[in-house]
Structures are given as structure tokens and as C-alpha cells.
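Residue numbers (the UniProt record's numbering): 1 to 187.
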């Protein structure tokens, strides 16, 4: 829904797919887990109890990721990056959902996605991970579906640009704001 709102406000009509998005998400998970585990390995050994349980478990698991997995994940990341760059031959900015559901209230531990109860913290970044993994500039903006306007939290949309084209992302966000499709509201 956020993509539809943004596309309508920006007069975007083409629908494009980033072919390797699912693989990029998996690659991002492996790369970030391994890097986080390596960065925190020493502190985990000496101050295990300093970390909150969820983060601690992820960091310990990341410290055990085999180097061959990280190497393969890096190959996937580079391939998806090249695929994404090709899209900018035709488009200035790509629009994608930022989250799988509306923003959650602070302190929400679980959310329902496709009929399944999932941890909110791990699930909210599922759609931003592929773009973060390949390192493209992105700006997110809150959109408010009219039918769900009162009392609901926003749906986020990603405005993704080509390398070194942050200004395009910000210009698209400004255009959304001017069109009334993206705005900050007190809920």
C-alpha cells in the first residue's frame, strides 16, 4: 500500500523487480551476522552478561559463521548490486516498501505477518535489508493510507537512488511531502 501511495503521488507507472532481492536478504543476514560476531567476539567472552539476550544470541551465532559462507554472500551482494545498477539506466528513483506492516508501537515484541506470529524486531527490517546490503542510498518516508488514517501508524516507503544520487532520494521524499502523501503526524 505504501508503494501505491508513493507511486501515485510521484506519477510513477512502471513496475520493476530487483531479481536478487531474496538472495540479497539472505546474504545480508550472513554478512552482518559474521561482521557483528567478529567485532564483538572478545567482549562476548569477557562480558557475556553485558549484552541483552536477543543481541547476544545473534552475535554468538554470527561469530560461528564459516568464512566460505561469508565469501559466497559477498559474491551474491556484488551480483545484486550490478543488477540494481542496471535499473538506474531507465529510472531515477526506485520505490519499495520499507516494512512488511505498519509501524509498530514502541515496545511491540511480536507482529502478525501472513497469518504467522513473528518477532517484531527481526521482521521489520526484512524489506530494507536487500538495499542496505548492496549499499545504495535510500530515504524512507511515512505514508498514511486514507482509509486507515485515524489512529493508525504509518506505512514506510523506501525511495532508492543510484550511487551518489542521494539528492534524487531526498527530492522524491520532498515531492511526496508536497503531494501530501508523506507527512509527520502525531498519533
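Where a beta carbon is used, it is the ideal one built from N, C-alpha and C, also for glycine.
These figures come from a predicted structure and were not determined experimentally.
The C-beta separation of residue 15 from residue 145 comes to about 19 Å, leaving the pair out of contact by the 8 Å criterion. Using a Cβ distance threshold of 8 Å, residue 130 and residue 7 do not count as a contacting pair. A residue is called buried when at least 16 other Cβ atoms come within 10 angstroms of its Cβ; residue 55 does not meet this threshold and is exposed.
Put simply, the backbone Cα of residue 143 is about 42 Å away from that of residue 42. Nearest to residue 66 by alpha-carbon distance, out of 84, 34, 52 and 94, is 34. Per DSSP, the beta-bridge partners of residue 158 are 96 and 140. Put simply, of 137, 161, 64 and 72 the residue whose alpha carbon is nearest the alpha carbon of residue 39 is 64.
By the beta-carbon neighbour count (other beta carbons within 10 angstroms, threshold 16), residue 49 is exposed. In this structure, residue 80 sits near residue 23, with a CB-CB distance shorter than 8 Å. Cβ contact annotation for residue 76 (same chain, cutoff 6 Å, sequence separation greater than five): 23 and 27, in chain order. Nearest to residue 74 by C-alpha distance, out of 114, 37, 94 and 30, is 30.
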